[in-house]
């Protein structure tokens with residue numbers, strides 16, 4: 003940045019101040035911090051992320067007054083329609099032409115996998131929230147990507163361990179037929195088998211299904227003690243609703259949602275969902291801090307935040323904190339700074355970003371309330387247990403992240 007030279011003593015002082023501002027601004031590419039929320043704005047995951055994720059990112063930006071070190075923050079968003087080719091096209095446009103610094107949310111694991119190399123090659127950052135396949139910080143990891151909310155390992159193994167502790171040994175999976183569903187089942191199966199349990203069956207359903215009757219009949223006839231839904235969004239809502247109609251829980255089978263969110267359960271309703279057990283990374287009514295975030299979010303959107311929306315707030319907030327601390331938006335510096343920080347905000351009381359990109363934090367094992375127990379629309383869960391982050395997260399070595407293994 004070129005500054006005009008002034009001759010007077012007063013002018014010299016002004017020039018000095020401007021020079022310092024110029025040095026600070028020069029560390030930020032294009033003199034703007036540009037955030038792109040790439041999410042499901044209209045499809046089956048939109049209630050759990052979608053427009054709410056955009057609103058959550060806006061709250062984080064508001065916390066900074068719209069600027070970091072005097073540099074303006076700009077937010078854009080787009081709907082990837084849950085199609086990898088659409089997501090890749092949008093991301094290329096954003097990174098190449100619009101100079102977006104960070105991609106946020108993504109929601110869909112297949113899209114996130116398609117973007118890993120692109121984001122790394124362009125030297126940008128990707129903050130994954132809804133994209134939760136554990137391979138994203140495992141065999142398909144990237145030094146430029148962070149998995150902020152949870153992954154299929156933490157969600158499925160926390161649930162599996164809790165049910166195995168209850169003596170539930172036999173399992174049947176109803177799983178989404180794509181990367182996300184595969185990862186949920188694979189991660190849960192390892193724990194089940196390691197602890198002497200048995201998977202007695204599994205069926206796959208297409209994305210965005212409406213009729214689960216044949217899958218539920220197979221689950222019912224299997225005699226499994228646990229029927230686990232390895233899906234999310236409207237797929238979970240439809241399958242769990244129809245499970246109620248088929249009387250699976252009434253016949254003694256335990257129903258669990260390996261990746262169900264509060265938004266999914268709210269759509270399902272407590273009458274159909276009562277007794278269902280799930281694991282989440284956030285519940286709005288857990289603490290004073292979570293309730294504070296929920297109140298702000300509800301004022302903005304009219305509803306309480308689901309875990310993905312709360313995690314988006316946290317991811318964007320801490321990304322901006324890292325830029326402020328590092329004094330630059332250069333990806334390597336920002337990520338190094340993020341890894342050095344304690345993550346403490348209204349999403350999590352204590353989190354830590356690992357070298358493989360996994361943000362490790364506590365998880366919550368929850369049971370859906372009976373309608374008579376609920377005091378309000380979003381009073382959905384009873385907190386059964388809090389699982390410490392280090393116990394919930396996959397051990398670093400087990401992920402086999404290539405760039406970490408290559409350092410050894």
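In the working numbering, the protein residues as written are 3 to 410.
For each residue, glycine too, the CB sits at the ideal point set by N, CA and C.
Can you look up residue 377 in the DSSP assignment and give me helix, strand or coil? Per DSSP, reduced to three states, the secondary structure at residue 377 is coil, with no helix or strand assignment.
Could you check where the beta strand (DSSP E) with residue 245 kicks off and where it finishes? Unbroken run through residue 245 is the alpha helix (DSSP H), 235 to 248; no beta strand (DSSP E).
To the nearest angstrom, how far is the alpha carbon of residue 293 from that of residue 286? Spanning the two alpha carbons is a distance of roughly 5 Å.
Taking residue 106 and residue 314 to be in contact with their CB atoms under 8 Å, please state how far apart those CB atoms are, rounded to whole angstroms. Contact holds; Cβ gap of about 6 Å.
Note the first and the last residue of the continuous beta strand (DSSP E) segment covering residue 349. Residue 349: not part of any beta strand (DSSP E); DSSP gives it neither H nor E.
For the putative contact between residue 268 and residue 382, defined by C-beta atoms under 8 Å, what is the C-beta separation to the nearest angstrom? Rounded, the Cβ-Cβ distance is 6 Å, consistent with contact.
Cross-strand partners of residue 149 (DSSP beta bridge): Answer is 130, 360.
Beta-bridge partners of residue 74, as assigned by DSSP: Residue pairing by DSSP places residue 74 opposite 69 in a beta bridge.
If you draw a straight line from the C-alpha of residue 202 to the C-alpha of residue 260, how long is it? One C-alpha to the other measures close to 17 Å.
Can you tell me the Cα-Cα spacing of residue 24 and residue 339, whole angstroms? With a pLDDT of 44 at residue 24, under the threshold of 50, the modelled position of this residue cannot be trusted, and the question is left open.
Exposure label - residue 407; buried when at least 16 CB within 10 Å: With fewer than 16 other beta carbons inside 10 angstroms of its own, residue 407 counts as exposed.
Beta-bridge partners of residue 124, as assigned by DSSP: According to DSSP, residue pairing for residue 124 in a beta bridge does not occur.
Express the C-alpha separation of residue 92 and residue 108 in angstroms, rounding to a whole number. Rounded to the nearest angstrom, the two C-alpha atoms are 11 Å apart.
Do you know whose CA, among 206, 212, 213, 158, lies nearest residue 188's CA? Ranked by how close their Cα comes to the Cα of residue 188, the residues 206, 212, 213, 158 have 158 in first place.
For residue 155, the nearest candidate out of 405, 404, 409, 398 (CA to CA): It is 398.
DSSP three-state label for residue 279, please. Annotated three-state conformation of residue 279 is strand, per DSSP.
Limits of the unbroken alpha helix (DSSP H) element including residue 166: In the DSSP assignment, residue 166 falls within the unbroken alpha helix (DSSP H) covering 154 to 167.
For the beta strand (DSSP E) holding residue 83, just list the boundary residues, first then last. Note, residue 83: premise wrong, no beta strand (DSSP E); not H, not E.
So, is residue 97 buried or exposed, given that buried needs 16 or more other C-beta atoms within 10 angstroms? When all chains shown are included, residue 97 counts as buried.
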